[in-house]
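Worksheet for the structure shown next.
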Amino acid sequence: VKIAKKVPVLAAQGVWPETGQSVLLAWMLAEGEDHDSWQTFLERLYHLGITPENGLRLLVADGSEGFRSAYESRYWRVPFQRCVFHKLRNIAQAIHTPAGLDRQAAKEYRSPIIHQAAQIWQAEDEKTARLRCRAFCNQWQSLQPKVVDTLKRDFDQTLAFYAVQEQAAALGHFWPAYILRT
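If you use this note's numbering, the sequence shown corresponds to residues 731 to 912, in order.
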């Protein structure tokens, strides 16, 4: 039996916030998620016409450093939204459960922490989200310092969707947050 090496797939999904329509725009097999791979992929998107001039208003991605550096060289004029789903997954992975808990008890311990973190991005506006973040950090700093560090790392980038929502609203459009956050 030959086991194939796991090959990263870079992909772009287009979402139209007013209708909720979602389409796979492009994908590419890559050597990795490094700057060069992302640069090649983003150049392809650009040449396909996926540009601010053609309606691109927000880029959402996980925390890949390769993506971030490639994004800054091609799409620096487009707001960048750090994916909230990936942020919450990283927070969940950072939770330290007390020793001796069985699987169910550990799940019950983790659940309210994750739920409280998720509530940060359910806020109606950025100011409230920042207040919720501060309260979360104050509550969990001593018991879950890795969780707080994970939340704080690139936190501002998880809030870009609020400004994009405001811009859309100024033009008379309603763009639901759940479409923009992740």
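A virtual CB, placed ideally from N, CA and C, is assigned to each residue, including glycine.
Cβ-based burial, K817 [other Cβ within 10 Å; buried from 16]: buried
DSSP on A829, reduced to helix/strand/coil? coil
Within 10 angstroms of its Cβ, does F866 collect 16 or more other Cβ (buried), or is it exposed? buried
Comparing the CB of G830 with every heavy atom of the ligand GTP, is any distance shorter than 7 Å? Only the bare structure without any ligand can be found here, which leaves the ligand GTP out of the picture.
Considering just the uninterrupted stretch of the beta strand (DSSP E) at F810, what are its terminal residues? F810 to R812
Going by alpha carbons, who is nearest to V790 out of A900, H903, Y892 and F904? Y892
Can you tell me the Cα-Cα spacing of T781 and A859, whole angstroms? Roughly 29 Å between the two C-alpha positions.
Let me know the alpha helix (DSSP H) ranges lying completely inside the region 830-883, each 4 residues or longer, listed in chain order. 833-850, 856-870 and 875-882
Could you spell out where the alpha helix (DSSP H) holding L910 opens and where it closes? A907 to L910
What residue range is occupied by the uninterrupted alpha helix (DSSP H) comprising G796? E795 to R804
Just list the residues that DSSP pairs A742 with in beta bridges. A756
Extent of the continuous beta strand (DSSP E) to which V790 belongs: L789 to A791
Sufficient close CB pairs (3 or more, under 8 Å) joining the region 766-776 to the region 743-751: no
Please name the residue or residues paired with Q751 in a DSSP beta bridge. W746
Grab the span of the alpha helix (DSSP H) containing E896 for me, first residue to last. A890 to A900
The alpha helix (DSSP H) enclosing T770, as first and last residue numbers: In the DSSP assignment, T770 falls within the alpha helix (DSSP H) that extends over H765 to H777.
Out of curiosity, what's the CA-to-CA distance linking W757 and K882? 31 Å
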